[in-house]
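Each residue of the sequence shown is one higher than the one before, starting from 1 at the first, in my numbering. For every residue, glycine included, the Cβ atom is placed at its ideal position computed from N, Cα and C.
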Amino acid sequence: MKLGVIGGKLGHSCSPAIHEKLFKILHEQTQHQYGLLEMDRNDIPNELQRLNAEHYTGMNVTIPYKLDVMPFLTDISREARIIGAVNTIHITDKGCFGYNTDYSGFGRSLDHAGIAVSGKNCVVLGTGGAARAIMQYLADHGAASMTVVSRCPHRKPDFDTFSHHVDAELINYAELSRRKRADVLINCTPVGMFPDVDSSPITEELTARYPAVVDLIYNPKDTKILQYAKKHGAVTLNGMYMLVAQAIGSEEIWMGRHIESSVIEQIAKEMEHYYD
Ligand code: NAP
Numbered sequence: 001m002k003l004g005v006i007g008g009k010l011g012h013s014c015s016p017a018i019h020e021k022l023f024k025i026l027h028e029q030t031q032h033q034y035g036l037l038e039m040d041r042n043d044i045p046n047e048l049q050r051l052n053a054e055h056y057t058g059m060n061v062t063i064p065y066k067l068d069v070m071p072f073l074t075d076i077s078r079e080a081r082i083i084g085a086v087n088t089i090h091i092t093d094k095g096c097f098g099y100n101t102d103y104s105g106f107g108r109s110l111d112h113a114g115i116a117v118s119g120k121n122c123v124v125l126g127t128g129g130a131a132r133a134i135m136q137y138l139a140d141h142g143a144a145s146m147t148v149v150s151r152c153p154h155r156k157p158d159f160d161t162f163s164h165h166v167d168a169e170l171i172n173y174a175e176l177s178r179r180k181r182a183d184v185l186i187n188c189t190p191v192g193m194f195p196d197v198d199s200s201p202i203t204e205e206l207t208a209r210y211p212a213v214v215d216l217i218y219n220p221k222d223t224k225i226l227q228y229a230k231k232h233g234a235v236t237l238n239g240m241y242m243l244v245a246q247a248i249g250s251e252e253i254w255m256g257r258h259i260e261s262s263v264i265e266q267i268a269k270e271m272e273h274y275y276d
C-alpha cells in the first residue's frame, strides 16, 4: 500500500517511524510505504486528486489540516463528523472516506493505563480538535460529568456547534481553580509541549486535586503537569500510547483487519525514547 501523512511542516513527524515498526512486526516491510506529504492548504483538493491518481490507499492528516480536508471527502464517519476533524483518509474505488482514530486511540490508551471514565467526573483542558475527540469518547463511555476549560469560553463558535452533541460545562481557568476535586483530568492543550517544557496549563496545587491525569502531549514524555501529578501520587498517562494506537487504528482501516493490542504495546514501548 502507498500511505503517508498530510500536513504543513512535517520535518519532526514520528508517524513514519510508528508505521514502519508495524510493517516490520507484520513482516510486510516490502509491501507498504509511508511517506511525508507536505502541502499548502490551498493545494489540498489537487493533492488529494493526485494521491488518488497515484493509487495511494490512505493518509493520516495532522494539524492544521484535520478540518481543511473535510469538504473534499466523499463521506465522513459518525465520530469524525461530530468531532469535526478527520485524521485518517481511506481511498477506495468508491471515493475518499474520512475517519477520526484519535477517538479510539484515546480509548485504547485509557484501557492500557487502567484509567476508567465510566461514572467519573472528568475535566478537559482545551477546546480544539483533540479535546472534541476526547469529549465525544467520554460522552459515549459514560462519564458522569464533563467540565471543559477554555481561556475564552465565550468566544467558541466551533465548540458551540460541537457541544450540542455532548453534555459538558464550559468554564474558564479562574473558575476551575474554585472547583473541588474531580476524578480524571485530561490536558488537550499544547502547553508543556517541546520546546515549552517548563510550562503547565495549571498550577501544581490545582493538579494535585486529580487522582488520574492524562496529557495528550508525547514530547516530552513527562510534561510539567505529569511531573506535578506524579509528585502527588496520581495515576498518569502521556500521549505516546494514544499516538501509536491512533496510527494502528488508521492501519486497521486501510488493511481491513484487526491488529492486536500487544502490537500497540510493543511499538509504544519502542517509541518511548524516540525524542530523548
Ligand atoms: P488545537 O486544535 O490547536 O487546540 C488546542 C487547544 O488548546 C485550543 O483550542 C486552546 O483552547 C488551547 N490552547 C492553545 N494554546 C493554549 C495556551 N497557550 N494556553 C492554554 N490553552 C491553550 O490542537 P489539538 O489538535 O486539539 O491538539 C492539542 C494537543 O493534543 C497538542 O499538544 C497535540 O500534539 C496533542 N494531540 C495528541 C494526540 C496523540 O495521539 N497523542 C492526538 C491529537 C492531539 P482555548 O482557546 O479554548 O483555551
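Coarse secondary structure for residue i, derived from DSSP in three states
{"i": "ALA234", "result": "coil"}
{"i": "MET146", "result": "strand"}
{"i": "VAL69", "result": "coil"}
{"i": "GLY4", "result": "strand"}
{"i": "ILE115", "result": "coil"}
{"i": "LEU125", "result": "strand"}
{"i": "GLU169", "result": "strand"}
{"i": "LEU10", "result": "coil"}
CB contact flag (residue i, residue j, <9 Å)
{"i": "ASP102", "j": "ALA130", "result": "yes"}
{"i": "TYR228", "j": "VAL123", "result": "no"}
{"i": "VAL244", "j": "LEU110", "result": "no"}
{"i": "VAL5", "j": "MET59", "result": "yes"}
{"i": "THR57", "j": "ILE91", "result": "yes"}
{"i": "SER104", "j": "GLN246", "result": "yes"}
{"i": "MET1", "j": "GLN49", "result": "no"}
{"i": "ILE76", "j": "PHE162", "result": "no"}
{"i": "LEU340", "j": "PRO201", "result": "The shown model of the chain, from 1 to 276, leaves out residue 340, and the question about it has no answer."}
{"i": "ALA143", "j": "GLY119", "result": "yes"}
{"i": "LEU3", "j": "GLU38", "result": "no"}
{"i": "ILE264", "j": "LEU216", "result": "no"}
Assumed close pair residue i, residue j - CB separation to whole angstroms, cut-off 8 Å
{"i": "PHE159", "j": "THR127", "result": "5 Å"}
{"i": "MET242", "j": "MET271", "result": "Actually they do not touch by this definition, with Cβ atoms about 11 Å apart."}
{"i": "ASN100", "j": "ALA133", "result": "6 Å"}
Whole-angstrom distance between residue j and residue i, CA atom to CA atom
{"i": "SER150", "j": "LYS156", "result": "9 Å"}
{"i": "TYR65", "j": "GLU205", "result": "36 Å"}
{"i": "HIS112", "j": "SER145", "result": "22 Å"}
{"i": "SER261", "j": "ILE89", "result": "22 Å"}
{"i": "ILE248", "j": "LEU22", "result": "8 Å"}
{"i": "SER199", "j": "LYS224", "result": "6 Å"}
{"i": "PRO220", "j": "TYR274", "result": "10 Å"}
{"i": "ALA234", "j": "LYS269", "result": "21 Å"}
{"i": "GLY8", "j": "ASP68", "result": "12 Å"}
{"i": "GLU279", "j": "LYS180", "result": "What the structure shows of the chain is the stretch from 1 to 276, and residue 279 is not part of that stretch, so it cannot be assessed."}
Segments assigned alpha helix (DSSP H), at least 4 residues, entirely inside the segment 188 to 259: 204 to 207, 224 to 231, 240 to 255
Mind pulling the alpha helix (DSSP H) runs of 4 or more residues that sit fully within the segment 13 to 100? 15 to 25, 44 to 53, 78 to 83
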